[in-house]
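Quick note on full-length UniProt numbering: the sequence shown kicks off at 1 and runs consecutively.
Comments concern the structure below.
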Amino acid sequence: MRRIAMLALLMTSACSMNPRLDIPKPPVATHYPDATAAEPASAAAIDWRTMFGDPRLQALVDLALANNRDLRVSTLNVEAARAQFRVARGAMLPQVDANGSYTRQRIPTSTASAGIGGATGGGTGAGAPSGFEFGQYSANAALTSFEIDLFGRLRSQSQAAFERYLASDEGRRSARIALIGSVVDAYLAERLAAEQLALTERTMADWNSSLDITRRQHEAKQVSGLELAQAEGQVQQAAADLAAGQRALAQAGNALQLLVGAPIPADLPAPIPLADQPIMTQLPAGLPSDLIANRPDIRQAERELVAANADVGAARAAFFPRLSLTGLFGFTSLAFDDLFKGDNRSWSFTPQISQPIFRGGSLRGELRLAKVQKSIAIANYEKAIQTGFREVADGLAGRATFARQLDAQRKAVDAAERRARLSDMRYRVGFDSRLELLDAQRSQYAAQQAMLELRRQELSSATGLYRALGGGDEDRTPRK
């Protein structure tokens, strides 16, 4: 009884060799630049369906979450890390195997006469049997080398595996957020290409009509060949823009389909124009300290740091003795019917202790490697925070300036449209030259194209800020 108590004490008194881990303070300012004073909440709490209200876009995101191959790989990586954790956790528990066997054996008479093998009888005279044959049955349960974790080596390895499992799950969440943002950006790029192409087609139709009039005027000797050449050059430039727009639309559609991971169904809701896109552009930023809780890539870096610290503990514990146990309990009998009778019980118990003496410096090398990897994990953790801070700051800069820029661009479009109308009227009554009219029309076309691109940039910037703040995440309870 005393031995059992001492064994239990050894098993429960395992210490940890993990060094104390002080998570570094965030190496960033306490407030974002361009943030308003009262922003206690963060956009991370906003569901992505609320953030992106276009039904067609929501359907595309759902398809991507179900079919995207990169996200599928991230999910499988989580499963692999979870299996690895179960392997490490299983090493801390006793390994028990059940065995059963039957042995048929023949022993020579001379050996049996000496009392070896448990056989009796026989003789050496004429007609005596030359040997004895018998069968032996056995059934046992074996404890195969159970290590009592005195110095926490197995516990540290299990903790490192568990933290890496959690880190892989955070990596999957980060990939999910990135996928949502990428689908939104690709959708906006496709919408921009489609609307710019439509604008080019309308503009080209107007310029073709104007070219027909100019040709008739040239035939009637009312305009010069120079003016006709200018009108033809304008139409050909629009034709070049049309071909470029068709190519851009096809490529944007291909990029979107790759992210979705499947053919885009034809029965999706109709797209909403960029000017009316229901995407939230004024997002609350919260505080930089919120990033650690809201961004899965930062949480992933923190989990990797904790795992690296546990690796140091395991490398430390490798210098100390290891105590392992092996044992066996079972039954052995010459007759199967008597196998499980009490007199046929057999058992063995073998404790073993080992102490590293000479390993050629490998243990010190492993400890040094673990410490260096921990330093790398600290640097990666700090870099993840700094990267997140920079991305949020960039998004806030966009939030603060895009509204003013769009307002100015709208006024520029209005002015260009008025100029084109007035120039057309003045040209018809002979006050302006054809060159002045063409210049006004080109300015109007360029201003309208720039307006579409600027609106796309504003929506993409808001999407980037939402992603930088950790928006689009899901439930944070990983499976064990």
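Glycine included, C-beta positions come from ideal geometry on N, C-alpha and C.
These numbers come from a predicted model, not from an experiment.
Sequence-distant residues of the same chain with beta carbon closer than 7 Å to residue i, five excluded per side
| i | result |
| --- | --- |
| R69 | G261 |
| Q386 | P27, V28 |
| A64 | L179, V183, L259, V260, G261 |
| Y445 | T203 |
| N208 | V235 |
Buried versus exposed, by CB contacts within 10 Å (16 or more), residue i
| i | result |
| --- | --- |
| M51 | buried |
| L259 | buried |
| E79 | exposed |
| G471 | buried |
| D267 | exposed |
| N294 | buried |
| A440 | buried |
| I378 | buried |
| S362 | exposed |
| P288 | buried |
| P296 | buried |
| L437 | buried |
| D54 | buried |
| R316 | buried |
| N18 | buried |
| Y137 | buried |
| T214 | buried |
| F146 | buried |
Nonlocal neighbours in the same chain, by C-beta distance under 8 Å from residue i, ignoring five residues either side
| i | result |
| --- | --- |
| L454 | F402, Q405, L406, Q409 |
| R421 | none |
| T75 | R172 |
| S158 | F85, A88, R89, A91, M92 |
| R216 | none |
| P356 | A318, F319, L363 |
| L199 | Y445, Q448, Q449, L452 |
Neighbourhood of residue i by C-beta, 6 Å cutoff - its chain only, sequence neighbours within 5 removed
| i | result |
| --- | --- |
| A160 | A307, A310, D311 |
| A301 | N380, Y381, A384 |
| E391 | A468 |
| A98 | A141 |
| A193 | A248, L249, A252 |
Which of helix, strand or coil DSSP assigns to residue i
| i | result |
| --- | --- |
| S354 | strand |
| A141 | strand |
| N18 | coil |
| V429 | coil |
| T332 | strand |
| T463 | helix |
| F389 | helix |
| T30 | coil |
| G118 | At G118 the pLDDT is 47, less than 50, meaning the model places this residue with poor confidence and gives no usable figure here. |
| F134 | strand |
| E474 | coil |
| F402 | helix |
| P288 | helix |
| I148 | strand |
| Q222 | coil |
| D267 | coil |
| L93 | coil |
| A229 | helix |
| R442 | helix |
| D311 | helix |
| I180 | helix |
| P296 | helix |
| A262 | coil |
| I272 | coil |
| F85 | helix |
Supposed contact pair residue j and residue i - C-beta distance, whole angstroms, cut 8 Å
| i | j | result |
| --- | --- | --- |
| R399 | Q251 | At roughly 29 Å, the Cβ-Cβ gap does not stay under 8 Å, so R399 and Q251 are not in contact. |
| T463 | G90 | Contact doesn't hold; Cβ gap of about 44 Å is too wide. |
| E474 | R49 | Actually they do not touch by this definition, with Cβ atoms about 12 Å apart. |
| E195 | P273 | 7 Å |
| L339 | F331 | 5 Å |
| D185 | S460 | 5 Å |
| L166 | T326 | In fact, because the Cβ distance is near 34 Å, the residues do not count as touching under 8 Å. |
| R299 | E163 | In fact, because the Cβ distance is near 11 Å, the residues do not count as touching under 8 Å. |
| G313 | G152 | 6 Å |
| R434 | A231 | 7 Å |
| L242 | E190 | In fact, because the Cβ distance is near 17 Å, the residues do not count as touching under 8 Å. |
| P271 | R56 | 5 Å |
Per DSSP, the bridge partner or partners of residue i
| i | result |
| --- | --- |
| A98 | A141 |
| W347 | F329 |
| I107 | F132 |
| F52 | I279 |
| R322 | S354 |
| F162 | According to DSSP, which records beta bridges pairwise, F162 is partnered with nothing at all. |
Within-9 Å CB hit, residue i to chain C
| i | result |
| --- | --- |
| G327 | In the displayed structure, chain C is absent; only one protein chain is listed. |
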